[in-house]
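This report refers to the structure that appears directly beneath it.
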Amino acid sequence: MDSKALEYAKEISLKIKEKELKVAGRTLNKIPYTAVDGVFDDWTFKNLCWWTNGFWGGMMWQLYGATKEDIYKKRAMELEDKLDGNLMNYNGMDHDSGFKWLTTSHASMLLTDNKESRNRLLLSAANLAGRFNPAGFIRAWNDDKGDNAGWAIIDCLMNLPLLYIASELTGDPRFKKIAMIHADTAIKHFVREDGSARHIVIFDPETGDFLDEPGGQGYGKGSVWTRGQSWALYGFTMSFLHTGQKRYLETAVRCADFFAKNTPQNGRIPVDFRQPAEPDYTDSCAASIGASGLLLLARTLRNEGKDIIDGAESVADRYEEAALRILHYLTDNDSDFDPETDNILRSCTAAYHDKEHEFPIIYGDYYLIEAIFRITGEETYIW
Numbered sequence: 003m004d005s006k007a008l009e010y011a012k013e014i015s016l017k018i019k020e021k022e023l024k025v026a027g028r029t030l031n032k033i034p035y036t037a038v039d040g041v042f043d044d045w046t047f048k049n050l051c052w053w054t055n056g057f058w059g060g061m062m063w064q065l066y067g068a069t070k071e072d073i074y075k076k077r078a079m080e081l082e083d084k085l086d087g088n089l090m091n092y093n094g095m096d097h098d099s100g101f102k103w104l105t106t107s108h109a110s111m112l113l114t115d116n117k118e119s120r121n122r123l124l125l126s127a128a129n130l131a132g133r134f135n136p137a138g139f140i141r142a143w144n145d146d147k148g149d150n151a152g153w154a155i156i157d158c159l160m161n162l163p164l165l166y167i168a169s170e171l172t173g174d175p176r177f178k179k180i181a182m183i184h185a186d187t188a189i190k191h192f193v194r195e196d197g198s199a200r201h202i203v204i205f206d207p208e209t210g211d212f213l214d215e216p217g218g219q220g221y222g223k224g225s226v227w228t229r230g231q232s233w234a235l236y237g238f239t240m241s242f243l244h245t246g247q248k249r250y251l252e253t254a255v256r257c258a259d260f261f262a263k264n265t266p267q268n269g270r271i272p273v274d275f276r277q278p279a280e281p282d283y284t285d286s287c288a289a290s291i292g293a294s295g296l297l298l299l300a301r302t303l304r305n306e307g308k309d310i311i312d313g314a315e316s317v318a319d320r321y322e323e324a325a326l327r328i329l330h331y332l333t334d335n336d337s338d339f340d341p342e343t344d345n346i347l348r349s350c351t352a353a354y355h356d357k358e359h360e361f362p363i364i365y366g367d368y369y370l371i372e373a374i375f376r377i378t379g380e381e382t383y384i385w
């Protein structure tokens, strides 16, 4: 990363710290998802098991790791304690456990060596492993009749580190083997020949045969939901880092090539790379996730990928350039660094066909902070 990029990231890092110190001070006992008129909402009672509920804790741990301000540690521990209610809710446990307990319990383990956090991490990992179908995939959402028993989604790649880390902590290879089988299935059935990623794949739950690919949260069947593409390039990178298996790095590069080549010159990421020209919805969450993932992949190529990917250095340069283009767009055009408002990003979109678009979502802020701290060297790597 050149000095100009580092200088830029340090400037944004300072703005983030100045803002978040005040935000953490007034955001008492909340689990935020979005913000209304610059004030975080609270999902503690609305849905304690919602998949995004770990990201506020993750933001707090990232900031604690970078600053050692006790307020961040306090807020993160409050949220982690609340999530115990999720751990005891069978139907509230799903394929997204990594998003909740890597951002909270694993971060806590890394920064405080908390034994209770270790227990929570392993409980959530065991539950995620229990969702594994021996036909070759980790099941996505729950239902009471088994109608969704064959459903799997690209997002799950981001949760696999929970299983890799569980194997490292326990010395038990089962968790890692489950993660790798799912990742291998994702290579075969989620990633198309052009490097684009499907959001949802429906398998026959008995045989594992591919049945269908619904459009999911993107524009439609055969389209490319940008957040899903971000999960893919980021998730396969992490599977490589935990296993050293070159097929995961090669697949991460295929997915990242598609993302980078389709990123507009101005860095503004649409909700779907194949959406129509109008309405021109954007998703700053997909942008921040994609930027952070591209930075991690670039670093991985420089450190471990030179003997695997031809021209790894130049590929890494290209990914860093795309990531910086995206981050500049976000921080110049779609970020609120006013300490009197709670959210940073303004224009995230959960799904193309939702009624509401372009509003604050907590994980957009998390991945923006992670990406900036990844450049400055202040990041706590939790995955």
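Here my numbering is used: the first residue of the sequence shown is 3, the next is one more, and so on. Note that the Cβ used here is the ideal one computed from N, Cα and C, for glycine as well. Owing to the predicted nature of the structure, the values given are computational and were not obtained by experimental measurement.
In this structure, DSSP gives Trp153 an extended state, which the three-state scheme calls strand.
Between His201 and Ile167 the beta-carbon gap is near 25 Å, outside 8 Å, which marks them as no contact. Rounded to whole angstroms, the Cβ separation of Met61 and Tyr368 is 5 Å, and the two are in contact under 8 Å. A buried status is given to Gly152, since no fewer than 16 other beta-carbon atoms sit within 10 Å of its beta-carbon. Nearest Cα to Gly230 within the set Leu159, Leu124, Ser349: Leu159. Selection Leu303, Leu65, Pro136, Glu82 evaluated against Asp206 yields Pro136 as nearest (Cα-Cα). For Asp214, there is no enclosing alpha helix (DSSP H); the enclosing beta strand (DSSP E) covers residues 212-214. DSSP lists Phe361 as the bridge partner or partners of Cys350. From the listed residues Gly197, Tyr221, Gly222, Val193, the smallest Cα separation to Phe212 is found for Val193. Taking a 10 Å sphere around the C-beta of Phe134, we find 16 or more other C-beta atoms and assign the residue as buried.
When the beta-carbon positions are compared, Gly220 and Asp149 stay at least 8 Å from each other. Distances from the alpha-carbon of Phe42 to those of Leu30, Ser241, Asp285, Trp52 put Leu30 closest.
Unbroken alpha helix (DSSP H) stretches of 4 residues or longer found wholly inside the segment 39-121: 57-69, 72-84, 86-89, 99-103, 109-114, given in chain order. In the three-state DSSP reduction, Thr284 falls in the strand class (E or B).
In the DSSP annotation of this structure, Ile202 is not part of any alpha helix (DSSP H); the continuous beta strand (DSSP E) holding it starts and ends at 202-205. Of all alpha-carbon atoms in Thr265, Arg77, Lys147, Met90, the one lying nearest the alpha-carbon of Thr105 is that of Arg77. In this model, Gly295 and Gly87 are separated by some 31 Å (Cα to Cα). An exposed status is given to Phe47, since fewer than 16 other beta-carbon atoms sit within 10 Å of its beta-carbon.
Between Ser349 and Thr284, the CB-CB gap stays under 8 Å. The beta carbons of Trp58 and Leu81 sit closer together than 8 Å. With respect to the 8 Å criterion, Ala185 and Tyr236 are not classified as neighbours on the basis of their beta carbons. Rounded to the nearest whole angstrom, the C-alpha separation of Ile271 and Thr351 is 11 Å. Relative to the Cα of Leu347, the nearest Cα in the group Ile311, Thr187, Thr245, Lys21 belongs to Lys21.
In terms of CA proximity to Ala279, Pro266 leads the group Asp340, Pro266, Thr378, Glu342.
Residue pairing by DSSP places Trp233 in no beta bridge whatsoever. Burial is judged here by how many other beta carbons sit within 10 angstroms of a residue's own beta carbon; Leu165 has at least 16 and is buried. For Lys248, the uninterrupted alpha helix (DSSP H) run begins and ends at 248-264, by DSSP. One Cα belongs to Asn161, the other to Phe101, and the distance between them is close to 6 Å. Sequence-distant Cβ neighbours of Lys24 in its own chain, meaning closer than 6 Å and more than five residues away, are Pro341. For Pro278, no alpha helix (DSSP H) encloses it, and the DSSP letter there is neither H nor E.
Residue burial annotation: Thr228 is buried, with at least 16 other C-beta atoms found within 10 angstroms of its C-beta. A check of alpha carbon separations from Met95 across Lys70, His108, Glu372, Ala128 identifies Ala128 as the nearest. Phe177: member of the alpha helix (DSSP H) spanning 176-191, first to last residue. Nearest to Cys287 by C-alpha distance, out of Arg304, Tyr365, Asp344, Ser316, is Tyr365. Sequence-distant Cβ neighbours of Leu297 in its own chain, meaning closer than 8 Å and more than five residues away, are Tyr321, Glu322, Ala325, Ala373, Arg376, Ile377. DSSP, reduced to helix, strand and coil, places Ile140 within a strand of the structure shown.
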